[in-house]
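With this note's numbering as the guide, the letters of the sequence shown map in order to residues 971 to 1256.
Glycine included, every Cβ here is placed at the ideal spot set by N, Cα and C.
Okay, structure first, notes after.
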Amino acid sequence: MMIHQVVFLTLCCLVLLPLPSRAETTGDSETKHSLMDHPEAHSNPVVVKGMQKYAIDGHTGAQQHFNNMAVHDDKIFATLNMQRLEYHWLDDGDQALVWDLQGWIGNNYHKIYLKSEGEALMNPGHEIEEFTLELLYSRNVHRFWDVQLGVRHDFDPAPERSFFVVGIQGLAPQWIELEAIAYVSEDGDASVALELEYEILITQRLVLLPRLETGISLHDVPEYAQWKGFTDIELGLRLMYHIQRKLAPYVGVNWHKMVGKSANRIEAMGGDSKSVAAVVGVHFWL
């Protein structure tokens, strides 16, 4: 199967995930906005007959009919989140399409994630530089933190390879979005990826979004231009305008540099270890 077909089928699978029901948007504009942004909450939870909420004093024998009351966080929801879909104009003259997409289905405590990241050069051959797909189980372990466990497959760069994945995702103090993931490849090569994002609200619609991403390799993997130690660092700054809560175009700049042994080896082979790109993109969710 051609790699372009794989990309197309992956995006189709994410789009076809079942989505949560939305309330009808009737009434004044404020009511419409509220109903549009939040799933409909049903007001008729099931009442278990004979269920007692408290222990009864003086009761002889074991207390009976304790149960879990029906609450809204038991409901199954699903969403599709295009975190980044952007076009890069690189300083070496190349142009690229970059995506960071994830969809999930589940409740507040248990979710199944499908994630995809990639980069395709916009040259005549439309060469795909990077294409990864992850399938993860996510378990909420704290108010702001999830532990994730699953598998990842890299279709590009070649040769293809698969990984075992374990990590955490959530909100650090000061409302910094953090994702720290460890990978172990089918060959036993281990690495760690760290990603940080922070939203600075200039107004309710205009948001400045700084972003940092870095990688650490625990082994030398020369076939993937990756050597032990810190491998690369990426810094981005995007100015985003929310037309709606679900739709926000943005412009920005992105800087990427290989570091450590990885940078030294790439430069020794005549490669370029850093790049800067002007960025135009859109963020949306369903």
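Rounded straight-line distance, which links the Cα of residue j to that of residue i
| i | j | result |
| --- | --- | --- |
| Glu1165 | Phe1101 | 18 Å |
| His1080 | Arg1131 | 27 Å |
| Tyr1168 | Lys1244 | 24 Å |
| Ala1160 | Ser1187 | 6 Å |
| Tyr1220 | Leu1071 | 16 Å |
| Val1191 | Val1223 | 30 Å |
| Gln1118 | Glu1149 | 10 Å |
| His1003 | Ile1213 | Legend: pLDDT at His1003 = 44, less than 50; position of this residue unreliable, no value from coordinates given. |
| Arg1175 | Ala1048 | 25 Å |
| Trp1225 | Gly1206 | 6 Å |
| Thr1201 | Val1162 | 10 Å |
| Arg1092 | His1189 | Here residue 1092 turns out to be Met, not Arg, going by the sequence shown. Using only the alpha carbons, I get a separation of about 32 Å. |
| Pro1127 | Glu1193 | 10 Å |
| Ala1233 | Trp1197 | 9 Å |
| Arg1235 | Thr1173 | 45 Å |
| Gly1095 | Gly1063 | 16 Å |
| Glu1097 | Tyr1153 | 25 Å |
| Gly1185 | Arg1122 | 16 Å |
| Lys1227 | Met1052 | 25 Å |
| Gln1144 | Thr1030 | 52 Å |
| Ile1170 | Arg1181 | 11 Å |
| Ile1075 | Ile1046 | 7 Å |
Cβ-based neighbour list, residue i, same chain, cut-off 6 Å, excluding 5 preceding and 5 following
| i | result |
| --- | --- |
| Leu1217 | Phe1254 |
| Gly1199 | Gly1230, Lys1231 |
| Glu1183 | Glu1165, Glu1204 |
| Glu1089 | Ala1066, Val1068, Glu1099, Glu1100 |
| Val977 | Model confidence at Val977 stands at a pLDDT of 46, short of 50, so the residue's coordinates are unreliable and nothing is read from them. |
| Glu1237 | Ser1243 |
Close-in-space but distant-in-sequence residues of the same chain around residue i (CB under 8 Å, 5 per side omitted)
| i | result |
| --- | --- |
| His1112 | Gly1140 |
| Gly1240 | none |
C-beta atoms of residue i and residue j nearer than 7 Å
| i | j | result |
| --- | --- | --- |
| Met931 | Val1177 | In the structure as shown, the chain starts at 971 and stops at 1256, and residue 931 therefore has no counterpart that could be examined. |
| Tyr1083 | Leu1067 | no |
| Asn1077 | Asp1116 | no |
| Phe1133 | Ser1108 | no |
| Leu1060 | Ala1247 | yes |
| Leu1103 | Ser1086 | yes |
| Ile1151 | Gly1137 | yes |
| Val1135 | Gly1158 | no |
| Leu1179 | Arg1215 | no |
Residue interval of the beta strand (DSSP E) (run including residue i)
| i | result |
| --- | --- |
| Met1052 | 1047-1060 |
| Arg1131 | 1131-1142 |
| Gly1076 | 1065-1076 |
| Arg1109 | 1098-1112 |
Own chain partners of residue i with C-beta closer than 7 Å, once the 5 adjacent residues on each side are dropped
| i | result |
| --- | --- |
| Val1250 | Glu1056, Tyr1057, Val1221 |
| Arg1054 | Val1068, Trp1069, Asp1070, Gly1251, His1253 |
| Asp1124 | Thr1102, Glu1130, Arg1131 |
| Asn1110 | Asn1078, Tyr1079, Asp1116 |
| Phe1114 | Gly1140, Leu1141 |
*asked:* For a minimum of 3 consecutive residues, which ranges assigned as the beta strand (DSSP E) are wholly contained in the segment 1146-1200?
replied: Taken in chain order, the complete beta strand (DSSP E) segments of 3 or more residues contained in the segment 1146-1200 are 1146-1155, 1160-1167, 1176-1187.
*Any beta strand (DSSP E) of 3 or more consecutive residues that is wholly inside the segment 1211-1245*: Along the length of the segment 1211-1245, whole beta strand (DSSP E) runs at least 3 residues long occupy 1217-1228, reported in chain order.
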